[in-house]
Amino acid sequence: MTTFLTNVFAGLALGSTYALVALGFVVIYKSTGVINFAQGGLLALGAYLGYTFSNNLVIAFGFAILLACVAAAIVGASVERMVLRRMVGQPPFAVIMITIGLLFVLEPLITAIWGFDNLPVRNPWNIQTVQIGQLVLGVRDLWTIGITAAVVIGFFLFFRYSRMGLAMRATAFDPEAALAQGISARRVYATSWAIAAALAALAGITLAAGPGGLQPSISSIALAAFPAMILGGLDSPAGAVLGGVIIGLAEALTRGYQDQLFSWAGDNVSVIVPYVLMILILLIRPYGLLGTKDVRRI
Amino acid sequence: MRPHRNLVRSYAQDLRLFGSPMAKVGLVVMLATLLVLPTVVQDDFWLSVLIYSGITAIGAVGLNLLTGYTGQISLGHAFFIGAGAYAAAVFGGDLGLPLPLWLLAAAAVGALLGGLIGPFALRLRGHYLAIVTLGLIFIGEHIWRNLRDVTGGNNGTSVGAQATLGPVDLGALKLAGETYSRNQGYFWLVWGLVAIVALLAKNLVRTRPGRALRAVRDHDQAAEVIGVRAGRYKIGAFMVSSAIAAVAGALFGSYQQHVSPDDWTLLLSIQYIAIIIVGGLGTVFGSILGAIFVGALPALIDEYSSAIPGVATEAGGDGFISVFALNQAIFGLLIVLFLVFEPRGLAGIWFRVKAYFKAWPFSY
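So the sequence lines, in the order shown, correspond to chains P and A. Just so we're aligned, residue 16 is where the first sequence starts under my numbering, counting upward by one. Just so we're aligned, residue 87 is where the second sequence starts under my numbering, counting upward by one.
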């Protein structure tokens, strides 16, 4: 039982990271109709900026996170302004490829600046643990889950009650009608990129503060967040969070029971569990758990 | 009075393989170049660059049929290429079949896998399909790493498939008293296959199935309404595309003689996508053009990395960017720049130049 709970806890922590990244995907997809493959690059950029703020500039970790998120948001908004805005109205293939291209430019840029070494991020959590009964919980994992929960609630409040959130929902619903109401589509697009980049940066730093440390391959976590987004449905923020948690749990449980249950499927099955789960769900529900089926006209 | 040679008067005429006498001349010149080139350029480095470009061109034609003509985004091309290489290792190496048979066997394996993946394309579209095929890369990588009997696990496997055609061994060609090197033999083999695959693809796209594929690309439901079986053509496109990819993979394995799971990563898929974007989506000719430019790039960068400032030639060496990272960045930049500034790719530039001179001096 203890093993099971430990695995579930690890799954929740991992799922929180996925949820943050997937939420970023959904924010961009809903308002601009673009799937952003460059999210992984923004995540890594945020994590490395956090490292610079925390280690090199010796800023308190909480502020370092905040600064990194703001910096990543600025980068995200400027990428939207400089590259993506030129692609408005282009077919999805072209736009997807643009974001993949951006990812492939961002990654080498990051390694060119920070190198390939595994960097330890100075942070207050380290490898401290809290013991509850027989359960040993990592402080970082607790914080990750807590911060994610707070951010997700904050996001939904923003989306539901703020003026900008309303504008974003209107633009997602019908861009032309929103324009006619005086909503600036440009500001909505830039804001959604900024929000997504900040969410990715947050996911990146909390991840980098973990036992794995910070290395360039951190950006690949965003690829594993794709199944989370697809699972929940492309256009559903709640689905993204749900999908993230499900994928995180599935991955952590597979890893935990690798030796007992999954040895037949080869080593490290947990790495591909998100994708297998995604494919299975898509066979049953092609638009994800909470996504809306798009109506197509001829 | 004879009409002008460029005047098209019937539909059949419009569909001709060679629209003008100049095209025939161009084809003869190209074929002659292919035959003569390896005897002029005997340097092993340049020949190997051209061989890799040729192999890439074959795979790119396959991807262009799927993505450029049918509009199905696939990030999983590397998976089928890998499957082809392992098929070559099994059928050509372990079973010792001759060249045509292991190429066909690889194509069959590719078509089979494509046929298994194809049905997903019926349910999913655009973004969903892109991400599911992305999953294919990771699931494939897991399979390659764990199916040790066939793939040799992480260390990879040697590919013993020989380029033998009856008594003729293209690996050590002897013709009229002359002996030719392995690279020369493979050059003719690979580029001969490029010509065959390009011809097959061209014939496919200029006839009824090709028109159906483009109808599906433009709007699959509208295509259904006018009587195109969109589902069948989507699966068909997946099968043909992955069969061609598997042939490219088989050639790659046979030429390189050793393959490992690290060869079939997401980067390879992206490289192919960069090729068809740079070359021109929806043109057979563009895929080959793109393959020559983009396919040759990694080899050239590797060869001249010491001459490029700021590139570290070995791990821990001087310079701020590794060869691998530079490759990646260049693919990324090429994709972004071409999509933003020249979405029709190199083929588009070529057609513009051609159109300009066709009507010269009245081109405006």
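Cβ atoms here follow ideal geometry from the backbone N, Cα and C, with glycine treated the same way.
How about residue i and residue j: are their beta carbons less than 8 Å apart?
| i | j | result |
| --- | --- | --- |
| A187 of chain P | L38 of chain P | no |
| S235 of chain P | G55 of chain P | yes |
| T5 of chain P | A265 of chain P | In the structure as shown, chain P starts at 16 and stops at 313, and residue 5 of chain P therefore has no counterpart that could be examined. |
| W333 of chain A | A192 of chain A | The identity of residue 333 of chain A in the sequence shown is Val, whereas the question assumes Trp. Their beta carbons are under 8 Å apart, which means V333 of chain A touches A192 of chain A by this criterion. |
| S101 of chain P | V426 of chain A | One detail in the question is off: residue 101 of chain P reads as Arg in this sequence, not Ser. For R101 of chain P and V426 of chain A, yes; Cβs fall inside 8 Å. |
| T114 of chain P | A411 of chain A | no |
| L305 of chain P | G248 of chain P | yes |
| L267 of chain P | A25 of chain P | Per the sequence shown, the amino acid found at residue 267 of chain P is Ala instead of Leu. Yes, the Cβ-Cβ distance between A267 of chain P and A25 of chain P is below 8 Å. |
| I330 of chain A | G204 of chain A | no |
| L149 of chain A | Q158 of chain A | no |
| I141 of chain A | L352 of chain A | no |
| A175 of chain A | T243 of chain A | yes |
| G226 of chain A | G145 of chain A | no |
| A79 of chain P | G65 of chain P | yes |
| V167 of chain P | M183 of chain P | no |
| V364 of chain A | G271 of chain A | no |
| G296 of chain A | Y442 of chain A | no |
| G221 of chain A | P242 of chain P | yes |
| T250 of chain A | L185 of chain A | yes |
| V245 of chain A | A171 of chain A | yes |
Identify the contact partners of residue i in chain D, using a Cβ-Cβ distance below 7 Å as the criterion.
| i | result |
| --- | --- |
| Q414 of chain A | This model lacks chain D altogether, as its protein chains are P and A. |
Examine chain P for any beta-carbon lying closer than 8 Å to the beta-carbon of residue i, and answer yes or no.
| i | result |
| --- | --- |
| R430 of chain A | no |
| I387 of chain A | no |
| I361 of chain A | no |
| H90 of chain A | no |
| H228 of chain A | yes |
| F166 of chain A | no |
| N150 of chain A | no |
| R300 of chain A | no |
| I144 of chain A | no |
| Y241 of chain A | Reading off the sequence shown, one finds Asn at residue 241 of chain A, where the question assumed Tyr. Output row for N241 of chain A: interface = no. |
| R231 of chain A | yes |
| A307 of chain A | The residue asked about is misnamed: residue 307 of chain A is Gln in this sequence, not Ala. Judged by the 8 Å Cβ criterion, Q307 of chain A is in contact with chain P. |
| A411 of chain A | yes |
| I394 of chain A | no |
| I356 of chain A | yes |
| F324 of chain A | no |
| I225 of chain A | yes |
| I159 of chain A | yes |
Which residues does DSSP pair with residue i in a beta bridge?
| i | result |
| --- | --- |
| D255 of chain A | A:T250 |
| E264 of chain A | A:L261 |
| Q146 of chain P | P:V151 |
| G244 of chain A | It should be pointed out that residue 244 of chain A corresponds to Ser in this sequence rather than to Gly. DSSP output for S244 of chain A lists A:H344 as bridge partner(s). |
| L134 of chain P | P:L229 |
Would you please verify whether the beta carbon of residue i is less than 8 Å from any beta carbon of chain A?
| i | result |
| --- | --- |
| D250 of chain P | no |
| I113 of chain P | yes |
| L304 of chain P | no |
| M183 of chain P | no |
| P301 of chain P | yes |
| I296 of chain P | no |
| L318 of chain P | Any question about residue 318 of chain P goes unanswered here, given that chain P covers just 16 to 313. |
| A127 of chain P | yes |
| R155 of chain P | no |
| F19 of chain P | no |
| G116 of chain P | yes |
| T311 of chain P | One point to set straight first is that residue 311 of chain P is Arg, not Thr, in the sequence displayed. Yes, contact with chain A. |
| M16 of chain P | no |
Runs of alpha helix (DSSP H) wholly within the segment 183-210 of chain P (minimum 4 residues, chain order): 190-195
Chain-ordered residues of the segment 209-221 of chain A with a beta carbon less than 8 Å from chain P: R209, L210, G212, H213, Y214, A216, I217, V218, L220 and G221
Contact list for the segment 266-291 of chain P against chain A, Cβ threshold 7 Å: G281, D282, V286, I287, Y290 and V291
Members of the segment 417-446 of chain A that neighbour chain P once the beta carbon cut-off is set at 7 Å: F417, G418, L419, I421, V422, L425, V426 and P429
Interface positions of the segment 193-222 of chain P facing chain A (Cβ-Cβ less than 7 Å), listed along the chain: Flagged: no residues at all.
Interface positions of the segment 84-111 of chain P facing chain A (Cβ-Cβ less than 9 Å), listed along the chain: V98, R101, M102, Q105, P106, P107, F108, A109, V110 and I111
Positions along the segment 176-187 of chain A whose CB lies within less than 8 Å of some CB in chain P: none
Against chain A: residues of the segment 163-178 of chain P by CB proximity under 8 Å: none
Cβ-based contacts, 8 Å cut-off: residues of the segment 32-64 of chain P near chain A: Y44 and I50
Chain A contacts made by the segment 236-250 of chain P, where a contact means CB separation under 9 Å: Per Cβ criterion, the list reads L238, A239, F241, P242, M244, I245 and L249.
Whole alpha helix (DSSP H) elements within the segment 302-371 of chain A, 4-residue minimum: 306-311, 316-342 and 352-365
Inside the segment 145-229 of chain A only - alpha helix (DSSP H) runs reaching at least 4 residues: 163-174 and 185-209
Entirely enclosed alpha helix (DSSP H) segments - the segment 51-105 of chain P, minimum 4 residues: Counting only runs of 4+ residues, the alpha helix (DSSP H) found wholly inside the segment 51-105 of chain P occupies 54-66 and 76-97, in chain order.
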